[in-house]
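Asker:
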Amino acid sequence: MTISTDSKGAERGHLPVNTRNPYQPVGDYISNISRFKIIESTLREGEQFANAFFDTETKIRIAKALDDFGVDYIELTSPAASEQSRKDCEAICKLGLKAKILTHIRCIMEDARIAVETGVDGLDVVIGTSHFLREFSHGKDMEYITKSAIEVINFIKSKGLEVRFSSEDSFRSDLVDLLSLYRTVDKIGVNRVGIADTVGCASPRQVYDLVRTLRGVVSCDIEIHLHDDTGCAIANAYCALEAGATHIDTSVLGIGERNGITSLGGLMARMIVADREHVTKKYNLHKLKDLEDLVAGAVQVNTPFNNPITGFCAFTHKAGIHAKAILNNPSTYEIIDPADFGMTRYVHFASRLTGWNAVKTRVGQLGLFMTDDQVKIVTQKIKALADV
Ligand code: HCA
Ligand code: CU
Numbered sequence: 002m003t004i005s006t007d008s009k010g011a012e013r014g015h016l017p018v019n020t021r022n023p024y025q026p027v028g029d030y031i032s033n034i035s036r037f038k039i040i041e042s043t044l045r046e047g048e049q050f051a052n053a054f055f056d057t058e059t060k061i062r063i064a065k066a067l068d069d070f071g072v073d074y075i076e077l078t079s080p081a082a083s084e085q086s087r088k089d090c091e092a093i094c095k096l097g098l099k100a101k102i103l104t105h106i107r108c109i110m111e112d113a114r115i116a117v118e119t120g121v122d123g124l125d126v127v128i129g130t131s132h133f134l135r136e137f138s139h140g141k142d143m144e145y146i147t148k149s150a151i152e153v154i155n156f157i158k159s160k161g162l163e164v165r166f167s168s169e170d171s172f173r174s175d176l177v178d179l180l181s182l183y184r185t186v187d188k189i190g191v192n193r194v195g196i197a198d199t200v201g202c203a204s205p206r207q208v209y210d211l212v213r214t215l216r217g218v219v220s221c222d223i224e225i226h227l228h229d230d231t232g233c234a235i236a237n238a239y240c241a242l243e244a245g246a247t248h249i250d251t252s253v254l255g256i257g258e259r260n261g262i263t264s265l266g267g268l269m270a271r272m273i274v275a276d277r278e279h280v281t282k283k284y285n286l287h288k289l290k291d292l293e294d295l296v297a298g299a300v301q302v303n304t305p306f307n308n309p310i311t312g313f314c315a316f317t318h319k320a321g322i323h324a325k326a327i328l329n330n331p332s333t334y335e336i337i338d339p340a341d342f343g344m345t346r347y348v349h350f351a352s353r354l355t356g357w358n359a360v361k362t363r364v365g366q367l368g369l370f371m372t373d374d375q376v377k378i379v380t381q382k383i384k385a386l387a388d389v
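Take the sequence shown: its position 13, counting from 1, is numbered 14 in the working numbering, and each next residue is one higher.
1) Pull up the distance between the alpha-carbon of Glu-293 and that of Ile-154, whole angstroms please.
2) Can you find the residues in the same chain that come closer than 8 Å, C-beta to C-beta, to Ala-203, ignoring five residues on each side of it along the sequence?
3) Nearest to Asp-69 by alpha carbon, out of Tyr-284, Asp-89, Gly-321 and Leu-386?
4) Is the closest heavy atom of ligand 1 to the C-beta of Gln-207 under 7 Å?
5) Since Glu-152 is in the alpha helix (DSSP H), which residue starts that stretch and which ends it?
6) Just verifying my parser: in three-state terms, what is the DSSP assignment at Ile-336?
7) Quick one, which of Asp-230, Glu-111, Tyr-239 and Val-280 has its alpha-carbon nearest Arg-259's?
8) According to DSSP, is Glu-169 helix, strand or coil?
9) Determine the DSSP secondary structure at Arg-36, reduced to helix, strand or coil.
10) Name the DSSP bridge partner or partners of Leu-227?
11) If we require 3 or more residues per run, which beta strand (DSSP E) segments fall completely within the segment 283–346?
12) Rounded to the nearest angstrom, what separates Asp-122 and Asn-329 at their Cα positions?
13) Between the C-alpha atoms of Ala-270 and Ile-40, what's the straight-line distance to the nearest angstrom?
14) Around ligand 1, which residues pass a check of Cβ closer than 5 Å to any of its heavy atoms?
15) What do you get for Gly-195, buried or exposed, if any count of 16 or more other CB atoms within 10 angstroms of its CB means buried?
16) Report yes if the CB atom of Ile-189 is closer than 8 Å to the CB atom of Ile-151, and no otherwise.
17) For the segment 83–93 and the segment 307–325, state whether three or more C-beta atom pairs, one from each stretch, are separated by less than 8 Å.
18) Apart from the five residues on each side of it in sequence, which residues of its chain come closer than 8 Å, Cβ to Cβ, to Ile-93?
19) With a threshold of 7 Å, establish whether the CB of Gly-201 neighbours any heavy atom of ligand 2.
20) Return no unless some Cβ of chain D is closer than 8 Å to the Cβ of Cys-94.
21) Once you ignore the five residues that flank Thr-281 on each side, which residues in its own chain have a CB closer than 8 Å to its CB?
22) Just reading off the beta strand (DSSP E) that Arg-184 is part of, what are its end residues?
23) Output needed for Lys-377: all residues of its chain with C-beta closer than 6 Å, excluding positions within five of it in sequence on either side, in chain order.
24) From Asp-73 to Glu-224, what does the alpha carbon distance come to, in whole angstroms?
25) Just checking Ile-256 against ligand 2 - is the residue's beta carbon closer than 7 Å to any of the ligand's heavy atoms?
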């Protein structure tokens with residue numbers, strides 16, 4: 002099967018095909034995007050969620066669960082935020098987790114000095130660059146921003162720590178200003194630059210364009226942080242990877258300011274369809290549900306019904322036509338195998354939309370013996386009852 006794989010529509014010839022999803026090519030294109038790393042920010046962005054008030058013990062439980070799941074980085078609230086935040090940051094650094102520990106600071110020396118003493122592996126530095134933030138938040142111009150970026154980055158590097166530099170509200174910032182700032186910080190040796198869609202305004206195409214442009218300007222890694230105000234956070238993350246981003250910010254269930262950011266589970270759903278082998282090998286997907294339940298409990302919300310993978314009906318099939326095909330071959334109506342996440346599918350049979358194949362399967366599950374004609378009569382009864 003010939004599949005065109007890149008945005009320019011260039012054909013790359015006969016690629017091996019992902020049998021669950023024959024329209025999704027595998028091969029070098031996918032291996033590029035599946036090298037992505039997760040910066041898990043439930044304990045930073047997630048702490049900005051309206052219902053989040055994590056005590057130390059809860060933070061430690063979440064950090065350990067994220068580590069068990071296999072995220073690459075865990076990002077923590079700035080130690081400059083409060084005395085307890087600083088202590089919690091130190092406590093998490095001492096857990097000896099496999100994931101690298103980052104903290105997130107404003108681009109000011111005072112924050113950097115506190116953060117480098119906590120034992121973190123790296124610092125995520127951020128400053129607002131949009132005219133809104135320059136006018137209504139910190140009030141500084143680009144010259145000042147560039148000067149402080151250089152000072153803070155050099156200081157963090159002198160301590161031997163990893164450093165990422167990001168601009169807040171990147172999509173409403175002046176492109177020329179932004180690129181010249183990133184070029185400067187790339188030259189002085191940041192590990193990553195970050196783009197943030199702070200207000201969730203960006204469309205997938207805008208994300209693709211900005212990341213692609215930035216990819217041509219810097220040689221370091223590119224991280225992206227995407228808010229979900231217009232429901233694009235997962236799609237935008239995928240587009241960023243297609244354009245050359247290397248690191249995606251997530252939080253469990255997407256919790257964060259307002260309605261949050263790219264969710265960890267949603268990103269897993271998206272990425273398993275792109276490269277099942279890599280995702281199933283790298284992440285402990287069977288732990289997703291427990292991880293989400295842990296965070297949902299901690300912030301007192303229910304997992305949304307339409308959550309990818311773990312929403313209560315994510316693998317429920319109802320209409321008779323669907324049920325029949327699913328029972329013959331689940332891939333007909335499922336792009337993700339629930340078993341990859343330790344989940345199970347459910348074929349609904351008690352509704353007016355049911356079909357006799359679903360009823361027959363249920364009869365078998367109950368260990369009953371009925372002829373097909375009998376099953377068909379029962380099916381008609383179920384439909385009649387469902388109508389009233
Ligand atoms: C905020 C800051 C931030 C930072 C993102 C980043 C955003 O809470 O307003 O450091 O990449 O969304 O801009 O979360
Ligand atoms: Cu944010």
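No residue lacks a Cβ here, since even glycine has one placed at the ideal position from N, Cα and C.
Answerer: This is what the structure holds:
1) Sequence index remark: in the sequence shown, residue 293 carries index 292 (1-based). Sequence index remark: in the sequence shown, residue 154 carries index 153 (1-based). One C-alpha to the other measures close to 35 Å.
2) Mapped onto the sequence shown, residue 203 falls at position 202. Only Phe-172, Leu-211, Leu-227, Cys-233 and Asn-237 meet the Cβ criterion.
3) Numbered from 1 along the sequence shown, position 68 holds the residue referred to as residue 69. Among Tyr-284, Asp-89, Gly-321 and Leu-386, the Cα nearest to that of Asp-69 is on Tyr-284.
4) Here residue 207 refers to the residue found at position 206 of the sequence shown. Gln-207 Cβ: outside cutoff for every heavy atom of ligand 1.
5) Translated into positions along the sequence shown, residue 152 becomes position 151. Element bounds for Glu-152: 143–159.
6) Along the sequence shown, read from residue 1 onward, the residue named residue 336 stands at position 335. Three-state result, Ile-336: coil.
7) Taking the sequence shown and counting its residues from 1, the one referred to as residue 259 is at position 258. Checking every option, the nearest Cα to that of Arg-259 belongs to Asp-230.
8) Taking the first residue of the sequence shown as 1, we reach residue 169 at position 168. Note: Glu-169 maps to strand in three-state DSSP.
9) Against the sequence shown, residue 36 aligns to sequence position 35. Looking at Arg-36 - three-state DSSP - the assignment turns out to be coil, as it is neither helix nor strand.
10) As a working note, residue 227 is residue 226 in the sequence shown. DSSP, once it has assigned bridges, lists Asp-198 as partnering Leu-227.
11) The qualifying runs do not exist here; there are none.
12) For the purposes of this step, residue 122 is identified with residue 121 of the sequence shown, where counting begins at 1. For the purposes of this step, residue 329 is identified with residue 328 of the sequence shown, where counting begins at 1. The alpha-carbon atoms of Asp-122 and Asn-329 are separated by roughly 50 Å.
13) Against the sequence shown, residue 270 aligns to sequence position 269. Against the sequence shown, residue 40 aligns to sequence position 39. Distance between the alpha carbons of Ala-270 and Ile-40 is about 17 Å.
14) So the residues near ligand 1 by this Cβ test are Val-127, Ser-167, Glu-169, Gly-195, Ala-197, Thr-199 and His-226.
15) In the sequence shown, residue 195 corresponds to position 194, counting from 1. Gly-195 is buried by the Cβ-count criterion.
16) Position 188 of the sequence shown holds residue 189. Position 150 of the sequence shown holds residue 151. A contact, by the Cβ cut-off of 8 Å.
17) no
18) Numbered from its first residue, the sequence shown carries residue 93 at position 92. Excluding sequence neighbours, Ile-93 sits near Leu-44, Lys-60, Ile-61, Ala-64, Ile-75, Leu-77 and Ile-102.
19) In the sequence shown, counting from the first residue as 1, residue 201 sits at position 200. For ligand 2, not one heavy atom lies less than 7 Å from the Cβ of Gly-201.
20) Absence of chain D from the displayed structure is noted, only one protein chain being present.
21) Position 280 of the sequence shown holds residue 281. The residues are Ile-273 and Asp-341.
22) Sequence index remark: in the sequence shown, residue 184 carries index 183 (1-based). Taken as a continuous stretch (DSSP letters only), Arg-184 belongs to no beta strand (DSSP E), being part of the alpha helix (DSSP H) at 176–188.
23) For this step, residue 377 is matched to residue 376 along the sequence shown. Excluding positions up to five away in sequence, the list reads Trp-357.
24) In the sequence shown, counting from the first residue as 1, residue 73 sits at position 72. In the sequence shown, counting from the first residue as 1, residue 224 sits at position 223. Cα-Cα distance, rounded: 13 Å.
25) Within the sequence shown, numbered from 1, the residue matching residue 256 stands at position 255. No, since every heavy atom of ligand 2 falls outside the 7 Å radius drawn around the Cβ of Ile-256.
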